[in-house]
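Numbering (the numbering used here), first residue to last: 73 to 429. The beta carbon of each residue, even a glycine, is placed where N, CA and C say it ideally should be. What follows is a short report on a single structure.
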């Protein structure tokens, strides 16, 4: 294993983690919305009460009714802002927020193919060729912020190394990059929610994003689209709602294959947006044709697949439970369903200016 690598103040993200312990009197060391401090607060041991910006009503309700337990709290600094992330063990979504169970006889129907691209971020269609979703208004935050990022990068390069001015310039550049990431993540969560709330079976293509980034002409646009992050978000949200998300093989010819006669044609350049089959004369939008092929593949190769991001059993999980199901603390209510704000993953909030850190 080698020697331990300690954190460096100049290169590591400032963060620390506090485990939530329960005293003999039944009082937790990490408390959200303490009655003596107000609803928008988090109380940490030795640090005290921290005021937060975001509402903690949902967390307080679940803790009060015994449907969730706090495991630990992580305090970290990102782009000059201190954030408290509360990790909890909670029950699954309410059955009203989950997809209804399909009968045993329906083993392959209801699949929707999701094609990711640059002209249209997402195009979804079913096996009949009906387009169910098309997202053309992606924000492309990196391209919009590129002039500002270039200006801040030039200002950073002019500052003397080790000086305070250079540290302030680096902080400004970091805040700009953090804003770009937040805009992209927020939009991806919106698109993923629209898909998983309306369809219980989704089929995506296993894109080799690292290989596609070798194309220097499209690398910036591909990075700005966030294809891999979108697939990851769809995977775990679909698992929350009891649905299925599967990945087609990387070399599956979804773009070159005709969705009508299943004949594989030659490769299409990106400038060709209409697919035309030389055998049967079928014409369709390029992205819709690919989405239909993905849905057909999932219908033919239907299997109970697990989340593509899960690489293996987790051995360092809490209480040695591994990556399997945790013992549930109870059923959630209808008001507890939904997705946390995209700025942080299950967070209690961000301390206000002037508060303790």
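DSSP, reduced to helix, strand and coil, places residue 205 within a strand of the structure shown.
Residue pairing by DSSP puts residue 187 in a beta bridge opposite 195. Its chain contains 104, 105, 111 as the residues whose beta carbon lies nearer than 8 Å to that of residue 132, once the 5 sequence neighbours on both sides are disregarded; these appear in chain order. If you look at residue 357, you'll find it isn't in any alpha helix (DSSP H); it sits in the beta strand (DSSP E) that goes 355-357. In this structure, the alpha-carbon of residue 191 lies about 22 Å from that of residue 319. The segment 293-310 and the segment 205-224 touch, with three or more beta-carbon pairs separated by less than 8 Å. Judged by DSSP secondary structure, residue 266 falls within the alpha helix (DSSP H) whose first and last residues are 236-270. The DSSP-derived three-state label of residue 323 is coil. Membership of residue 305 in any beta strand (DSSP E) is not indicated; the residue belongs instead to the alpha helix (DSSP H) covering 299-312. Rounded to the nearest angstrom, the Cβ distance from residue 263 to residue 302 is 7 Å, consistent with a contact under 8 Å. Counting C-beta atoms within 10 angstroms of its own C-beta, residue 187 has 16 or more neighbours from the protein chains shown and is therefore classed as buried. Look at the beta carbons and you see the segment 124-141 touching the segment 152-160: at least three pairs across the two are nearer than 8 Å.
For residue 366, the closest alpha carbon among the candidates 273, 84, 249, 109 is that of 273.
The beta-bridge partner set that DSSP reports for residue 339 is empty.
Going by DSSP, residue 216 is part of the alpha helix (DSSP H) stretching over 213-230. Taking the Cβ atoms as the reference, residue 151 lies roughly 5 Å from residue 247, within the contact range of under 8 Å.
Within its own chain, the residues whose Cβ lies closer than 8 Å to the Cβ of residue 145, once the five positions on either side in sequence are excluded, are 89, 90, 92, 102, 114, 116, 156, 157, 158, 159, 420, listed in chain order.
Taking 8 Å as the upper bound for CB-CB distance, residue 100 and residue 94 are in contact here, some 6 Å apart. Here residue 102 is not bridged, per DSSP, to any residue.
The Cβ neighbour count for residue 162, taken over all protein chains shown within 10 Å, is at least 16; the residue is labelled buried.
Annotation for residue 134: the continuous alpha helix (DSSP H) segment containing it runs 129-136.
Ranked by Cα distance from residue 165, the options 230, 134, 323, 83 are led by 134. The three-state secondary structure of residue 366, taken from DSSP, is helix.
Contact between the segment 303-310 and the segment 333-342 is absent, with fewer than three C-beta pairs closer than 8 Å. By the neighbour-count definition (other C-beta atoms within 10 Å, threshold 16), residue 198 is a buried residue.
In the DSSP assignment, residue 283 falls within the alpha helix (DSSP H) that extends over 281-284.
In the displayed model, residue 295 falls within a helix according to three-state DSSP. Membership of residue 149 in the beta strand (DSSP E) is indicated by the continuous run 140-150. Between residue 193 and residue 267, the CB-CB gap reaches or exceeds 8 Å. Of the other Cβ atoms in all chains shown, fewer than 16 fall within 10 Å of the Cβ of residue 280; this residue is therefore exposed.
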